[in-house]
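**Student:** Starting off with a structure, shown below.
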Amino acid sequence: MPQDAENVIGVLQEAAQWLEQSGLAMWRDDELLPARITADVAAGLFFLAESEGVVAGVVKFQLEDSLFWPDVRRGQSAFVHRLAVRRRFAGGGISSALLGWAVERARTLGREYLRLDCEASRVRLRAVYEKFGFRHHSDRQVGPYFVSRYEFGPIRS
């Protein structure tokens with residue numbers, strides 16, 4: 083478990099640094115503090131994608147999200163956050179593989195939708211989600227973030 087936490091933190095910090103250098107700073111305040119990420123890993127919320135024997139990407143998979151999705155029926159959806167891929171694997175299908183896995187996990191758990199959100203101004207990221215098959219649901223102000231919310235589904239068993 084400690085190794086998983088280190089891997090998740092490493093991938094997220096690499097992604098955050100790249101985004102910041104690109105002028106697209108994303109995560110704020112304490113969102114990437116090691117203690118917070120380690121707690122989420124210990125709770126079983128992060129999943130890893132491996133390629134070439136190394137961790138290539140991560141995703142946080144949740145069954146509830148009352149912060150970004152307070153208006154959806156409980157038990158209907160699964161949610162993904164913190165999707166990140168190491169730069170050396172960018173464009174290699176890792177994010178699509180993680181999203182595909184999340185859709186299948188949601189289906190297995192009997193959820194009708196897989197939902198996510200992203201900073202509304204991140205046009206390229208939104209295009210990735212739309213290309214995968216997510217549909218724009220709505221925009222919403224959540225604390226310091228103005229996000230576009232997306233859903234995939236309905237997912238059929």
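Anchor point for the sequence shown: position 91 equals 173 in my numbering, and the numbering is continuous, going up by one each time. Glycine included, every Cβ here is placed at the ideal spot set by N, Cα and C. It should be emphasised that the depicted structure is a prediction, and the values quoted were computed from it without experimental measurement.
Look at the Cβ atom of Phe-128, then the Cβ atom of Val-90, and state whether they are nearer than 9 Å.
**Tutor:** Contact flag set, yes.
**Student:** Could you check what DSSP says for Gln-144 in three-state terms: helix, strand or coil?
**Tutor:** Assigned with DSSP and collapsed to three states, Gln-144 falls in strand.
**Student:** Kindly indicate the opening and closing residues of the beta strand (DSSP E) around Asp-221.
**Tutor:** 217 to 224
**Student:** Using DSSP bridges, identify the partner residues of Leu-196.
**Tutor:** Ala-160 and Phe-234
**Student:** Which one of Tyr-232, Pro-226 and Phe-228 has the shortest CA to CA distance from Gly-215?
**Tutor:** Tyr-232
**Student:** Smallest Cα separation from His-57: which of Tyr-227, Lys-213, Val-205 and Phe-234?
**Tutor:** There is simply no residue 57 to check, as the chain begins at 83 and stops at 239 in what is shown.
**Student:** Does Gly-255 come out as helix, strand or coil in the three-state DSSP assignment?
**Tutor:** Within the shown structure, residues of the chain are numbered from 83 to 239, placing residue 255 beyond reach of any answer.
**Student:** Distance, Cα to Cα, Val-210 vs Ile-176?
**Tutor:** 12 Å
**Student:** Secondary structure at Gly-173, three-state DSSP: helix, strand or coil?
**Tutor:** coil
**Student:** Going by alpha carbons, who is nearest to Asp-153 out of Pro-226, Arg-222 and Phe-228?
**Tutor:** Arg-222
**Student:** I need the DSSP call for Leu-130, collapsed to helix, strand or coil.
**Tutor:** strand
**Student:** Go to Val-205, then tell me how far its alpha helix (DSSP H) extends in each direction, as first and last residue.
**Tutor:** 205 to 214
**Student:** Could you compute how far the alpha carbon of Ala-28 sits from the alpha carbon of Leu-198?
**Tutor:** A question about residue 28 goes unanswered here, because the residues of the chain that appear run from 83 up to 239.
**Student:** Just list the residues that DSSP pairs Ala-166 with in beta bridges.
**Tutor:** Note: Ala-166 sits in a beta bridge opposite Val-140.
**Student:** Check whether the Cβ atoms of Ala-188 and Tyr-195 lie closer than 9 Å to each other.
**Tutor:** yes
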